[in-house]
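Trainee: First the structure, which I've put down as structure tokens, then a few questions once you've had a look.
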Amino acid sequence: MEWKPDFELGLPPMDETHREFVGMLNELASCAEGEFVGLLERLVAHTVTHFEQEATWMHACGFPPMRCHVGEHERVLKVVSEVLARVRTGDLELGRRLIAELPHWFEHHAATMDRALAGYIRSTGYRAQAATTPALQPAAASS
Ligand SMILES: [Fe+2]
Ligand SMILES: [Fe+2]
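Going letter by letter, the sequence shown gives residues 19 to 161 in the numbering used here.
What follows is the structure, given as structure tokens:
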């Protein structure tokens, strides 16, 4: 999946997190079998922080459709967590299918819900800060 100029939503910490997300999807799309579970675990941890970060901003600036946006995050996180559990038991094929589908979800979500959130945050003047939890830090070493 290529990073597109359209993905830039004008909110640097959000754009940075999205760039990391796309980078992780690409690693998962081309990794060796033995690396898949570890990389998927890292993607799930990153996604938890990604969504928490957006929820924190929504809450802080009173984003009106917060429930809708958070609900969508919860549905996606449930799916990726369930797939991770299946991958851990050996169903790599399901994991590969998830990784093939997530770019479509991301493109749509970024173009709609995240774009609306970024625009709203900018309109309020709220200074969105990046989360500093370990999940969003670059991996110390990829093996
Ligand atoms: Fe996002
Ligand atoms: Fe979002």
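From the three backbone atoms N, C-alpha and C, an ideal C-beta is built for every residue, glycine too.
The structure presented is a predicted model; accordingly, all values stated were derived computationally and were not measured.
Please determine if the stretch 50–66 and the stretch 128–137 are in contact, where contact requires at least 3 C-beta pairs separated by less than 8 Å.
Mentor: These segments do not touch.
Trainee: Could you give the first and the last residue of the continuous alpha helix (DSSP H) run that contains Cys79?
Mentor: Run containing Cys79: Glu51 to Cys79, per the alpha helix (DSSP H) assignment.
Trainee: Skipping 5 residues on each side, what residues in its chain have a beta carbon closer than 8 Å to that of Glu59?
Mentor: Here the set comprises Leu102.
Trainee: Grab the span of the alpha helix (DSSP H) containing Phe39 for me, first residue to last.
Mentor: From DSSP, the alpha helix (DSSP H) with Phe39 extends over Pro30 to Ser48.
Trainee: Have a look at His122 and Cys79 and give me their C-alpha separation to the nearest angstrom.
Mentor: Near 28 Å, if we compare the C-alpha coordinates of Cys79 and His122.
Trainee: Looking only at its chain, what residues have a beta carbon closer than 7 Å to the beta carbon of His36, apart from the 5 residues adjacent to it on each side?
Mentor: Phe25 and Ala128, listed in sequence order.
Trainee: Taking DSSP as the reference, what is the three-state secondary structure of Met84?
Mentor: Met84 falls in the helix class under three-state DSSP.
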